[in-house]
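> Handing you a structure now.
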């Protein structure tokens, strides 16, 4: 089954959309990857700032964590924007079998000492504006790795040079700094500083996947040790899902940094030594990145402030299949045309969300009715529905076609798009749908109940174009301390 055609830049382009699907299991896997993305950032920020602090006390530490990465070079000038490749390895070294089971960190696929990139993030940082643009790559993204195609996470098997070359070939961006951390080292870091107190204002129901639970009696300032901290940042058992999980990352980073820089840590040699050991065991940086530079990068990433932060997942068409070694394997099919728009924008130090030219509305939230306006029963509307769904597919999701039927009359010469006048966002929704149907007329009017946008197919060929859309991941603003936590904080409980 041929999935790719080669482009001149040696990046494959998907040519078959029929293999793409999104099952409940794949949705769960996508949520898991988003969780690890934020955990990687938390570990990187904490270890980066810690390593910079420890550099003043341990002159040998920088040499211990630096590794030779041949194809990484710093930006020409200190004030120039630069790109950092953050790699969260899936090493389980140091975990007992019980801990692997409890923390949901099973053995590496393939066994032995094999190490793959569990989480892969490209961070583009502008030192002058402090603007951060972050792109997370699905670990199963099917890309050229060396002389063959493979999942992008397998590139780490060839060492840092291979994964840097893979990302540079995919994005067209030069990597200026390379940082690799062991995500499970998050547990060791929290243990080294004696745990962290975090505000949990509401009970957290028992999470079967992580084992996390916070009862009504425990709400307020809750102390988390290493294992519980990892459970807390991995849990998705919250009413607002990913949004609240990101808030947890914000809270954890702030609390852990406060603890690291407090007198209870810096005046206790045992904890300082433990932090140095955590850094040695869990951080690798390229030969041009100093510990001071690592701390500066970490400080740029620490706030997760939506005013200066944009986060994305590399554009993809969802999940498909590929044959490798005689076995059929599940892969993430890249949307390489949209990737080109994204990374061209990043190279120009611009926002990818503004470069796509369409509203930032998730297609799957748009309810569409497709109607036959030429008197051929539903023979026109049915194929139009299929074309529209394919053209609006973003990340494996597309517009919801909630009705296929005949229009009230059959006198439509061309295709007309009608935005529901009673739906506040309908005009922006119609703009997105119109991007997939070149030449269609757009108007505001009445639609059937439950339909945001009506597409009435008129005479002539119904032509669609693939929508290029780059949706940012929503990032909440850090909030004030809730009253229940403020009381605990003031009383010292």
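Numbering (the working numbering), first residue to last: 1 to 493.
Cβ atoms here follow ideal geometry from the backbone N, Cα and C, with glycine treated the same way.
None of the values given here were measured: they were computed from a predicted structure.
As a quick exercise: from 252, 217 and 262, pick the residue whose alpha carbon is nearest that of residue 228.
That would be 252, whose Cα lies nearest to the Cα of residue 228.
> According to DSSP, is residue 207 part of a helix, a strand, or is it coil?
Residue state, collapsed to three classes: coil.
> Pull up the DSSP beta-bridge partners for residue 330, would you.
Looking at the DSSP assignment, residue 330 forms a beta bridge with 321.
> Do three or more CB pairs link the stretch 447-460 to the stretch 401-412 at distances below 8 Å?
The stretch 447-460 vs the stretch 401-412: in contact.
> For residue 438 and residue 394, which I take to be in contact (beta-carbon distance under 8 Å), what is that distance rounded to the nearest angstrom?
Not quite, the Cβ-Cβ distance comes to about 18 Å (not below 8 Å), so this is no contact.
> On the DSSP letters alone, give me the boundaries of the alpha helix (DSSP H) that residue 62 sits inside.
Run containing residue 62: 61-65, per the alpha helix (DSSP H) assignment.
> Could you please give me the residues that DSSP links to residue 221 through a beta bridge?
Partner(s): 199.
> Work out the CA separation of residue 85 and residue 315 for me, nearest whole Å.
For residue 315 and residue 85, the distance between alpha carbons rounds to 18 Å.
> Is it right to say residue 137 is buried, meaning 16 or more other beta carbons lie within 10 angstroms of its own, or is it exposed?
Per the 10 Å Cβ criterion, buried.
> Hey, quick one: how far does the beta strand (DSSP E) through residue 85 stretch, first residue to last?
Its beta strand (DSSP E) spans residues 82-89.
> DSSP puts residue 144 in a beta bridge; with which residues?
In DSSP, residue 144 forms a bridge with 149.
> Which whole-angstrom value describes the C-beta separation of residue 361 and residue 425, a residue pair presumed to lie in contact below a C-beta threshold of 8 Å?
So it is a contact: roughly 7 Å between Cβ atoms.
> Can you tell me whether residue 140 is buried or exposed? The criterion is at least 16 other CB atoms within 10 Å of its CB, across all chains shown.
Answer is buried; the Cβ neighbour count reaches 16.
> For the stretch 181-190 against the stretch 267-285, do three or more pairs of beta-carbon atoms, one drawn from each stretch, fall closer than 8 Å, so that the two count as touching?
Cβ pair count under 8 Å is three or more, so yes.
> With distances taken from CA atoms, which of 414, 460 and 421 is nearest residue 440?
Minimum Cα distance to residue 440 is reached at 414.
> Pick helix, strand or coil for residue 286, following the three-state DSSP scheme.
Reduced to three states, the DSSP call for residue 286 is strand.
> Taking the C-alpha atoms as reference points, what is the distance between residue 126 and residue 81?
Roughly 4 Å between the two C-alpha positions.
> Could you work out which residue in 484, 222 and 312 is closest to residue 134 when comparing CA atoms only?
When each option's Cα is compared against that of residue 134, the closest is 312.
> Looking at residue 143 and residue 334, is the spacing between their C-beta atoms short of 8 Å?
Going by C-beta atoms, residue 334 is nearer than 8 Å to residue 143.
> Is residue 292 near residue 132, with beta carbons less than 8 Å apart?
Cβ distance not < 8 Å, so residue 292 and residue 132 don't count as in contact.
> Residue 419 by DSSP, collapsed to three states: which one?
Three-state result, residue 419: strand.
> Do you know whose CA, among 429, 436 and 411, lies nearest residue 497's CA?
Missing from the structure shown is residue 497; the chain here goes from 1 to 493 and no further.
> For the stretch 337-344 against the stretch 171-180, are there 3 or more C-beta pairs whose distance is under 8 Å?
Touching, yes, given that three or more Cβ pairs across the two stretches are closer than 8 Å.
> Starting from the Cα of residue 420, find the closest Cα among 368, 388, 287 and 373 and give me that residue.
Ranking 368, 388, 287 and 373 by Cα distance to residue 420 puts 368 first.
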